[in-house]
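J.:
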Amino acid sequence: MTAAPPPSPVPARARLARPVSGDPAAARPVLSSADVARVIDRMAHELLEKTRGGDEVVLLGIPTRGTTLARRLAARVHAFAGLTVPSGSLDITLYRDDLRLKSPRALESTDVPAGGVDGALVVLVDDVLFSGRSVRAALDALADLGRPRAVQLAVLVDRGHRELPIRADYVGKNIPTSLQETVHVLLAEDDGRDAVLLGPADAVREDRARP
Amino acid sequence: MNHLLKNVRPYGESATDVRLVDGRIAEIGTGLPEGSSRVHDGAGAVLLPGLVDLHTHLREPGREDAETVATGTLAAALGGFTAVHAMANTDPVADTAGVVEQVWRLGREAGHCDVAPVGAVTVGLGGQQMAELGTMADSAARVRVFSDDGKCVSDAGLMRRALEYVKAFDGVIAQHAQEPRLTVGSQMNEGVQSSLLGLTGWPAVAEEAIIARDCLLAAHVDSRLHVCHVSTAGSVDLLRWAKNKGWKVTAEVTPHHLLLTDDLAATYDPLYKVNPPLRTQADVDALREGLADGTIDCVATDHAPHALEDKEAEWGAALPGMTGLETALAVVALTMVETGRLDWRSVADRMSHTPARIGRLDGAPEPQGRPLAVGEPANLCLVDPGARWTVDPHESASRSRNTPFVGRELPVRVVATFLRGRPTVLDGKPAPA
Amino acid sequence: MKRHLLSAADLSYDDAILVLDTAEELAQVSERTIKKLPTLRGRTVVNLFFEDSTRTRTSFELAAKRLSADVITFSAKGSSVSKGETLKDTALTLEAMGSDAVVVRHSWSGAPANLARWIRGSVVNAGDGTHEHPTQALLDAYTMRRRLGRLEGLRVTIVGDILHSRVARSNVLLLSTLGADVTLVAPPTLLPVGVGSWPAQVSYDLDAVLPKSDVVMMLRVQRERMGPTGEQAAAYFPSAREYSRRYGLDVRRVATLADEAIVMHPGPMVRGMEIAPEVADGVRSTIVEQVANGVSVRMAVLYLLLGGSDSAIGSPS
């Protein structure tokens, strides 16, 4: 997750662009593929611990990589505890507070597990926690879907620089960054390999800038 | 006052000087002495006989908010015209001697150019009962052209009678050729564009069917037919056929039909709504060809001013029509002269001599459309052939702004107009009285 | 830059797919308890309906409200419009009220295009005369894709009064953009001169086309098209009975359709004229679905035109 770039008119044709772009070679790996796997394993253990066995937990990922992470966490929880935790995705596009600042973008899928969220312990999952605005939008989106018993937050990377009173319940890795730096999470399902990269602002152009 | 036009080129040919004395052309020759004449340096400008329009809507009486005789004739003078035929579809309709004399008198009072009123063929343009054509012919307005323009004299029996009747005073019926049953609710040319735009079509056949019928009627009763604003390639073919037969059929084309096509309707801007509608490029090409080879006798503006609220509306609710007096010569230069289809002598023929002859103004007490020759009335227009200008509706002398040429760059500019030796336009501006 | 949706031709392939995909996501909102999104909070959408159309007007109204826009609805009846105010004056009034978008239904073809020249906000054509009805075409395409899973190569037959149909025009343009094969079926009098230039096949024989159709879209045929003559244009066909016999979709004809084929109608229907009641209410019929899908598609259009700093789809002013 990077600093939200200054609002600039995005050509309509570019609005669908979501792949990792820029030059990852200029970015420095901070987590290797093995590190990512280890971190997710640890997060799965913590989740089982803090939720007293994962009962009534629903994992909701924020697209795109949050959804992938939610699926992986669910798989690891199943591997460790034999418990099937429902996972899904929650698109926050229409709840973002910077909608007005750029061209309307394509929506990601919202896929709530069949049981819904009413009374559940919903764990929101995202790849990078930065300003906290994505999470704020996700909380609003979640409120329109139903009334969870409680909501927790899991992120693979916390890079600091919060702009809202939000903290994560599960953090894979704290990575202190400067505002000029970019953090990029790569996941095999979306990007062909697992890694977390840290680079200068122009090394990994992040066009998924979120609130 | 006498005027000496130095260094002008009659019909665009060799440069000479022309002296105007007492409303007539007194001398033509190089190096004429100035004497007491007011001198105008023509700088090689083209000298044409004053233009004559067979088809102008002056809107007075009735829609003085759109145009008056005074504003319309000033626009005409600025366009190089010294005579215009004022169409009959006013309110009240020009179907009596009283109305045509009023329009004629308003023209004389304004003094910008002669106004020859057109009389309605039928009472109230109703298409039912013949108006008192003879009384209008005998009036001070000396009406010779009769037309229900805006509406077609669609009843074949009535059309035959009108054609026959006007022979008594050498009149002509100017037909607005539009079969009404084929054009119910029509909005634009019927074709590919109308199908896409969802606008009711005005098919070419609705014009051509009437022209064919009227040519046959005119031949049958050996009378004069004039076809207004011919707009289709098929019409040109029919006129060529009728002329080859030797029938007394004449026709006019408007400047806008020589240049614009129906794809302009895609903007839904009613500026491009006109009746008959803009057609296709193939029609435009055929019209240019017809005007060049004489199948179409003359250019007539169909200057149709409309108030803003009648044009700034939905296409279907807007009134059809375009202004054209001030742009006519420039559009003819663009489409016919610059393309090599007409020289200036032929332009004079199509825009002055021939329309005057059709309207019988060439033999009137104050004749119009006469040749550039010593002794003829000094009805003249002086044209800068090298000028280029951009059409700005707000600079128009017309009370209305509905020119479809807005923003276009056009060639040639009228720099001076003389009506019987008196300048009505000088330096491209209205001349002080 | 604000843009407009005036014609289905304003939408590129990518635009059209974006609208359909967006509508797909937004359809979920209609299934939730809280059928509301904050997306257009603070935006004002004006519904300007110069022609009665309960279906389209309420569909747009609901779409705008589900996105939290403020919605004002003007109907011709009882407004200044019926008192002789010009469209331009109406437009300037709406402009002064700070409307961000105007959804316009008008009996004159091109009126939305005129409006778009006069106001700063986005204009959405909700049906203009006999010209276009682009959101209807979008909801039809959406319905086809939902039912049949694809649009590319889909054989769509549109039957009825093509000449006067804004639905047909928009559908032909949009479906050809999306790669479907469109066939128009009508008596020759109800096909426009110039239809040969459209991206569609033309047939006068419904029975020959039906077995080769994946979608049959029946258009309403108004009884006044049969005459009487007089001030009206000449009749387009001799009688309702003959029309129904040659071009109506009855049970016998439906039996000749492929198993998967669906039957659509943009409404309002003339039961017994162009469509038999059993067909309209049959399992192949998508008529009720089309109405529901209309809300999702219109939400998508409003979001993509108004949701951001500029518009993601449509034509510039």
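Protein chains in written order, with the working numbering: chain A, 24 to 234; chain B, 1148 to 1580; chain C, 262 to 578. All C-beta atoms in this analysis are idealised placements derived from N, C-alpha and C, irrespective of residue type, glycine included.
Is the CB-CB distance between Pro1512 (chain B) and Cys1445 (chain B) below 9 angstroms?
T.: Their beta carbons are not under 9 angstroms apart, which means Pro1512 (chain B) does not touch Cys1445 (chain B) by this criterion.
J.: Please report how far the alpha carbon of Asp1296 (chain B) lies from the alpha carbon of Glu1473 (chain B), in whole angstroms.
T.: Asp1296 (chain B) and Glu1473 (chain B): Cα-Cα distance of roughly 21 angstroms.
J.: So for Leu1527 (chain B), helix, strand or coil by DSSP?
T.: Note: Leu1527 (chain B) maps to strand in three-state DSSP.
J.: Starting from the Cα of Ser1294 (chain B), find the closest Cα among B:Leu1372, B:Glu1256 and B:Val1339 and give me that residue.
T.: It is B:Leu1372 whose Cα lies nearest to the Cα of Ser1294 (chain B).
J.: Helix or strand or just coil, what does DSSP make of Glu1174 (chain B)?
T.: Glu1174 (chain B): strand per DSSP, three-state reduction.
J.: How big is the Cα-Cα spacing for Val1553 (chain B) and Leu1405 (chain B)?
T.: Going from the Cα of Val1553 (chain B) to the Cα of Leu1405 (chain B) covers about 16 angstroms.
J.: Whole angstroms is fine: what's the gap from Met487 (chain C)'s alpha carbon to Thr1330 (chain B)'s?
T.: Going by the C-alpha atoms only, they are around 18 angstroms apart.
J.: Any beta carbon of chain C sitting closer than 9 angstroms to that of Arg1210 (chain B)?
T.: Not closer than 9 angstroms to any Cβ of chain C, the Cβ of Arg1210 (chain B) fails to qualify, so no.
J.: Pick helix, strand or coil for Lys473 (chain C), following the three-state DSSP scheme.
T.: Helix.
J.: Expressed to the nearest angstrom, what Euclidean distance is found between the alpha-carbon atoms of Asn409 (chain C) and Gln462 (chain C)?
T.: Sequence check: residue 409 (chain C) is Leu here, not Asn. Approximately 21 angstroms, taken between the alpha carbons.
J.: Beta carbons nearer than 9 angstroms to chain C: which residues of the stretch 1334-1347 of chain B have them?
T.: Against chain C - using a Cβ distance shorter than 9 angstroms - the residues of the stretch 1334-1347 of chain B are Gln1334, Glu1337, Gly1338, Val1339, Gln1340, Ser1341, Ser1342, Leu1343, Leu1344, Gly1345, Leu1346 and Thr1347.
J.: Alpha carbon to alpha carbon, how far is Lys125 (chain A) from Pro29 (chain A)? Give it in angstroms, no decimals.
T.: Legend: pLDDT at Pro29 (chain A) = 39, less than 50; position of this residue unreliable, value from coordinates given subsequently. If I take the Cα positions, the gap works out to 10 angstroms.
J.: Tell me which residue opens and which closes the alpha helix (DSSP H) that Asp275 (chain C) is part of.
T.: Taken as a continuous stretch (DSSP letters only), the alpha helix (DSSP H) holding Asp275 (chain C) covers Tyr274 to Leu287.
J.: Quick check on Thr1486 (chain B): buried or exposed, where buried means 16 or more other Cβ atoms within 10 Å of its Cβ?
T.: Thr1486 (chain B) comes out exposed.
J.: Would Ser383 (chain C) and Val556 (chain C) qualify as a contact pair, given that the criterion is a beta-carbon distance under 9 angstroms?
T.: Cβ distance not < 9 angstroms, so Ser383 (chain C) and Val556 (chain C) don't count as in contact.
J.: Whose C-beta lies closer than 8 angstroms to the C-beta of Val1155 (chain B) among residues of the same chain, with five residues either side of it excluded?
T.: Once the five neighbours on either side are set aside, the close Cβ partners of Val1155 (chain B) are Ala1162, Thr1163, Asp1164, Val1165, Gly1189, Gly1191, Ala1192, Val1193, Leu1194 and Leu1529.
J.: In chain order, which continuous runs of the alpha helix (DSSP H) of length 4 or greater are located wholly inside the stretch 1337-1378 of chain B?
T.: Correct list: 1339-1344 and 1351-1368.
J.: Buried or exposed, going by whether 16 or more other CB atoms sit within 10 Å of the CB of Val428 (chain C)?
T.: Its Cβ being crowded by 16 or more others within 10 Å, Val428 (chain C) is buried.
J.: Please report how far the alpha carbon of Val307 (chain C) lies from the alpha carbon of Trp369 (chain C), in whole angstroms.
T.: Approximately 19 angstroms between the Cα atoms of the pair.
J.: Name the chain A residues that come within less than 8 angstroms of Tyr564 (chain C), Cβ to Cβ?
T.: Those within 8 angstroms of Tyr564 (chain C) in chain A are Leu117 and Pro127.
J.: Could you name the residues of chain A that Ala495 (chain C) contacts, counting a contact when the two beta carbons are closer than 9 angstroms?
T.: Simply none; closest approach about 47 angstroms.
J.: Can the beta-carbon of Ser1382 (chain B) be found less than 9 angstroms from the beta-carbon of Ala1351 (chain B)?
T.: Yes, the Cβ-Cβ distance between Ser1382 (chain B) and Ala1351 (chain B) is below 9 angstroms.
J.: Where Ser44 (chain A) and Asp214 (chain A) are concerned, what is the direct C-alpha to C-alpha distance, given to the nearest angstrom?
T.: Any reading at Ser44 (chain A) needs caution, since the residue's pLDDT is 46, under 50, leaving its predicted position unreliable; the model's value is listed next. If you take the alpha carbons of Ser44 (chain A) and Asp214 (chain A), they lie about 11 angstroms apart.
J.: Closer than 7 angstroms, Cβ to Cβ, to anything on chain C: give me those residues from the stretch 130-149 of chain A, in chain order.
T.: Cβ contacts with chain C: Leu130, Ser132 and Thr133.
J.: Taking 9 angstroms as the threshold (C-beta atoms), are Thr404 (chain C) and Arg559 (chain C) in contact?
T.: Their beta carbons are not under 9 angstroms apart, which means Arg559 (chain C) does not touch Thr404 (chain C) by this criterion.
J.: Going by C-alpha distance, which of B:Pro1514, B:Pro1518 and B:Ile1505 is nearest Arg1492 (chain B)?
T.: Closest option to Arg1492 (chain B), Cα to Cα, is B:Pro1518.
J.: With a cut-off of 8 angstroms on the beta carbons, I'd call Asp475 (chain C) and Arg416 (chain C) a contact; round off their distance for me.
T.: 5 angstroms between Cβ atoms; contact.
J.: Any chance you could list the alpha helix (DSSP H) runs of at least 4 consecutive residues sitting entirely within the stretch 1381-1463 of chain B, in chain order?
T.: Runs of the alpha helix (DSSP H) inside the stretch 1381-1463 of chain B: 1402-1406, 1428-1440 and 1455-1458.
J.: Relative to the alpha-carbon of His1598 (chain B), which residue among B:Val1377, B:Arg1308, B:Gly1468 and B:Ala1580 has its alpha-carbon at the smallest distance?
T.: Lying before the first or after the last residue shown, residue 1598 (chain B) is absent from chain B, which here runs from 1148 to 1580.
J.: Name the residues in the stretch 1449-1462 of chain B whose C-beta lies less than 7 angstroms from a C-beta of chain C; which are they?
T.: Residues Glu1456, Glu1459, Ala1460, Glu1461 and Trp1462.
J.: Can you check DSSP and say which residues form a bridge with Lys196 (chain A)?
T.: In the DSSP output, where bridge partners are listed per residue, Lys196 (chain A) has A:Val180.
J.: Using a beta-carbon distance below 9 angstroms, is Gly371 (chain C) in contact with chain B?
T.: At least one chain B Cβ lies under 9 angstroms of Gly371 (chain C).
J.: When the distance is taken between beta carbons, is Gln1340 (chain B) closer than 9 angstroms to Asn1422 (chain B)?
T.: Result no, Cβ atoms of Asn1422 (chain B) and Gln1340 (chain B) do not sit closer than 9 angstroms.
J.: Among the candidates A:Ala102, A:His207 and A:Gly77, whose CA atom is the shortest distance from the CA of Gln175 (chain A)?
T.: Nearest option by C-alpha distance: A:Gly77.
J.: Just the C-alpha distance for Val158 (chain A) and Leu179 (chain A), rounded to the nearest angstrom, thanks.
T.: Distance between the alpha carbons of Val158 (chain A) and Leu179 (chain A): 14 angstroms.
J.: So which residues of chain C does Arg123 (chain A) contact, with C-beta pairs closer than 7 angstroms?
T.: Under the 7 angstroms cutoff, chain C gives Gly569 and Ser570.
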